[in-house]
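The numbering of the sequence shown is numbering that gives the first Met the number 0, which starts it at 0 and goes up by one.
Even for Gly, the Cβ is constructed at its ideal location relative to N, Cα and C.
On a predicted model such as this, the values are computed, not experimentally measured, just so you know.
Here the structure is laid out as structure tokens; the discussion comes afterwards.
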Amino acid sequence: MNTSVSDFVRDHLDGSHLQSHLSDAEKVEYREQIKALLKEQNAVLVAHYYTDPEIQSLAEETGGCVSDSLEMARFGKDHPAQTLIVAGVKFMGETAKILSPEKTVLMPTLEATCSLDLGCPVDEFSAFCDQHPEREVVVYANTSAAVKARADWVVTSSIALELVEHLHNQGKKIIWAPDKHLGAYVQRETGADVLLWDSACIVHDEFKAKGIEDLKKVHPDAAVLVHPESPEAVVKLADAVGSTSQLINAAKNMPNDVFIVATDRGIFYKMQQMAPHKRFLEAPTGGNGATCRSCAHCPWMAMNALDSLALELQQHSNEVHVDAALIEQAMVPLNRMLAFAEQLKAGKAAG
Ligand code: SF4
Numbered sequence: 000m001n002t003s004v005s006d007f008v009r010d011h012l013d014g015s016h017l018q019s020h021l022s023d024a025e026k027v028e029y030r031e032q033i034k035a036l037l038k039e040q041n042a043v044l045v046a047h048y049y050t051d052p053e054i055q056s057l058a059e060e061t062g063g064c065v066s067d068s069l070e071m072a073r074f075g076k077d078h079p080a081q082t083l084i085v086a087g088v089k090f091m092g093e094t095a096k097i098l099s100p101e102k103t104v105l106m107p108t109l110e111a112t113c114s115l116d117l118g119c120p121v122d123e124f125s126a127f128c129d130q131h132p133e134r135e136v137v138v139y140a141n142t143s144a145a146v147k148a149r150a151d152w153v154v155t156s157s158i159a160l161e162l163v164e165h166l167h168n169q170g171k172k173i174i175w176a177p178d179k180h181l182g183a184y185v186q187r188e189t190g191a192d193v194l195l196w197d198s199a200c201i202v203h204d205e206f207k208a209k210g211i212e213d214l215k216k217v218h219p220d221a222a223v224l225v226h227p228e229s230p231e232a233v234v235k236l237a238d239a240v241g242s243t244s245q246l247i248n249a250a251k252n253m254p255n256d257v258f259i260v261a262t263d264r265g266i267f268y269k270m271q272q273m274a275p276h277k278r279f280l281e282a283p284t285g286g287n288g289a290t291c292r293s294c295a296h297c298p299w300m301a302m303n304a305l306d307s308l309a310l311e312l313q314q315h316s317n318e319v320h321v322d323a324a325l326i327e328q329a330m331v332p333l334n335r336m337l338a339f340a341e342q343l344k345a346g347k348a349a350g
């Protein structure tokens, strides 16, 4: 694990990020404040599925969006609001800024990052790419603006398989970064020649196949839903593998009443909303100790809270800035991703 990631894990993953520090009365008060401030500032709240359910419901109530990172990017770009407030992690704020440089992009905190982003420093990654100039560089959305600027393509997990298949069909060899598990999954599924960067998500990397098998014995009729950032042994146990949006659809459409879910538990809010009579169980993670290293919730996503969101709308102290030259470069692979996703959607609709 990259040093800065392990430092963070050591210093912050003590369980405290799982409990809201706000009373019910404070939550109501902050929600009202945020609603008024969004309206006053012609701002829109764009939230990821892994954020606190309080934030997800607020985004829905105020005409914002709750989604995966691909849809967050698309929504922020197309929405007429001049101010986007992004509840998620740093790369999501940067992506919003790259796609809408003329808009003000705010975040409840600029400290919320991602182990995949941290695990792929641009200098090392560029040197790696330079060693393999014959390969198409495909990077996951969970990367810095600088890494995106070095890439030919950006992808999210919702279109990773289709994009790599598309490149493979054109005879292209690929560099994939940064998530090694997702990259290996894409490689297995498409048969493409993929060279993997070595990094992982600290949440999904913790899911354990043995724990899921044991839980299946207790709930033999449960379907197992797995995000492909999880290790191969976990993916092998899945009844459905996919991005957050794809897993939500699976939860809604599969006939099972019980699901074992191997992704961040923030997703339960939307799953429960889409399938209110079904039951969702967290897939077991690392250990039995009460450390957050072994829980299914991203510590950085958990940094998005109602009070910091309200404060940011008052103070605008966490505005996302991206260097203009980087914006120009990173916009190319990002727009390629959006255009590819559009074509895919149109094709699916037509087919
Ligand atoms: S859940 Fe994993 S991939 Fe998602 S933001 Fe957190 S560390 Fe990054």
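**Item:** Residues that DSSP places opposite ARG278 in a beta bridge
**Value:** As a first step, residue 278 must be located in the sequence shown, where it is residue number 279. Paired residue(s): VAL257.
**Request:** May I ask you to list the residues that DSSP assigns as paired with TYR139?
**Result:** The sequence position of residue 139 within the sequence shown is 140, counting from 1. DSSP, once it has assigned bridges, lists VAL154 as partnering TYR139.
**Asked** Would you call the CB atoms of ASN255 and THR108 closer than 8 Å?
**Response** The count along the sequence shown starts at 1 and reaches residue 255 at position 256. The count along the sequence shown starts at 1 and reaches residue 108 at position 109. No, Cβ-Cβ distance for ASN255 and THR108 is not below 8 Å.
**Message:** Quick check on the DSSP output: what are the complete beta strand (DSSP E) runs of length 3 or more inside the segment 58-99, in order along the chain?
**Reply:** 64-66 and 82-86
**Asked** Quick one: does the C-beta of SER198 sit closer than 7 Å to a heavy atom of the ligand SF4?
**Response** Here residue 198 refers to the residue found at position 199 when the sequence shown is read from its first residue. No - the ligand SF4 has no heavy atom lying nearer than 7 Å to the Cβ of SER198.
**Message:** Please tell me whether ILE173 has its Cβ less than 8 Å away from any Cβ of chain C.
**Reply:** This model lacks chain C altogether; it includes just one protein chain.
**Prompt:** By Cβ distance below 6 Å, which residues in the same chain neighbour GLY87 in space, the five residues on each side in sequence not counted?
**Reply:** Position 88 of the sequence shown, counted from the first residue, corresponds to residue 87. Only HIS47 meet the Cβ criterion.
**Asked** Could you give the residue range of the alpha helix (DSSP H) that holds ILE247?
**Response** Indexing the sequence shown from 1 puts residue 247 at position 248. Residues 243-252.
**Prompt:** Just to confirm, are HIS203 and THR155 a CB contact at a threshold of 8 Å?
**Reply:** Here the question's residue 203 lines up with position 204 in the sequence shown. Here the question's residue 155 lines up with position 156 in the sequence shown. The Cβ-Cβ distance between HIS203 and THR155 does not fall below 8 Å.
**Item:** Contacting residues, own chain, Cβ-Cβ under 7 Å from ASP116 (five flanking each side not counted)
**Value:** Translated into the one-based positions of the sequence shown, residue 116 becomes position 117. LYS89, PHE90, ASN141, THR142 and SER143, listed in sequence order.
**Asked** What's the gap between the Cα of LYS96 and the Cα of GLN169?
**Response** The residue you call residue 96 lines up with position 97 of the sequence shown. The residue you call residue 169 lines up with position 170 of the sequence shown. Cα-Cα distance, rounded: 32 Å.
**Prompt:** So what does DSSP say about SER198, is it helix, strand or coil?
**Reply:** In the sequence shown, residue 198 corresponds to position 199, counting from 1. SER198 falls in the strand class under three-state DSSP.
**Prompt:** What's the call for VAL260, buried or exposed, on a 16-neighbour Cβ count within 10 Å?
**Reply:** Residue numbering aside, residue 260 sits at position 261 when the sequence shown is read from its first letter. Around the CB of VAL260, 16 or more other CB atoms lie within 10 Å, so the residue is classed as buried.
**Message:** When you compare the segment 245-255 with the segment 171-187, are there three or more beta-carbon pairs, one atom per stretch, that lie closer than 8 Å?
**Reply:** No, because fewer than three Cβ pairs between the segment 245-255 and the segment 171-187 fall closer than 8 Å, the two stretches do not touch.
**Prompt:** What are the boundary residues of the alpha helix (DSSP H) that VAL146 is part of?
**Reply:** Your numbering for residue 146 matches position 147 in the sequence shown. Note, VAL146: alpha helix (DSSP H), 144-149.
**Message:** Is TYR49 close to the ligand SF4? I mean its beta-carbon at under 7 Å from any heavy atom of the ligand.
**Reply:** Within the sequence shown, numbered from 1, the residue matching residue 49 stands at position 50. Checking the Cβ of TYR49 against the ligand SF4 gives yes.
**Asked** Can you tell me whether DSSP reads HIS226 as helix, strand or coil?
**Response** Within the sequence shown, numbered from 1, the residue matching residue 226 stands at position 227. In the three-state reduction of the DSSP assignment, HIS226 falls in the coil class, being assigned neither a helical nor a strand state.
**Asked** For ALA46, does the three-state DSSP call read helix, strand or coil?
**Response** For this step, residue 46 is matched to residue 47 along the sequence shown. DSSP places ALA46 in strand when its eight states are reduced to three.
**Request:** Take SER157 and list the residues in its own chain whose beta-carbon comes closer than 7 Å to its own, dropping the five residues that flank it on each side.
**Result:** Taking the sequence shown and counting its residues from 1, the one referred to as residue 157 is at position 158. ASP67, LEU69, SER242, SER244 and GLN245, listed in sequence order.
**Message:** If contacts are defined as beta-carbon pairs under 8 Å, then VAL43 and LEU37 qualify, I think. What distance do you get, rounded to the angstrom?
**Reply:** Position 44 of the sequence shown holds residue 43. Position 38 of the sequence shown holds residue 37. Contact holds; Cβ gap of about 7 Å.
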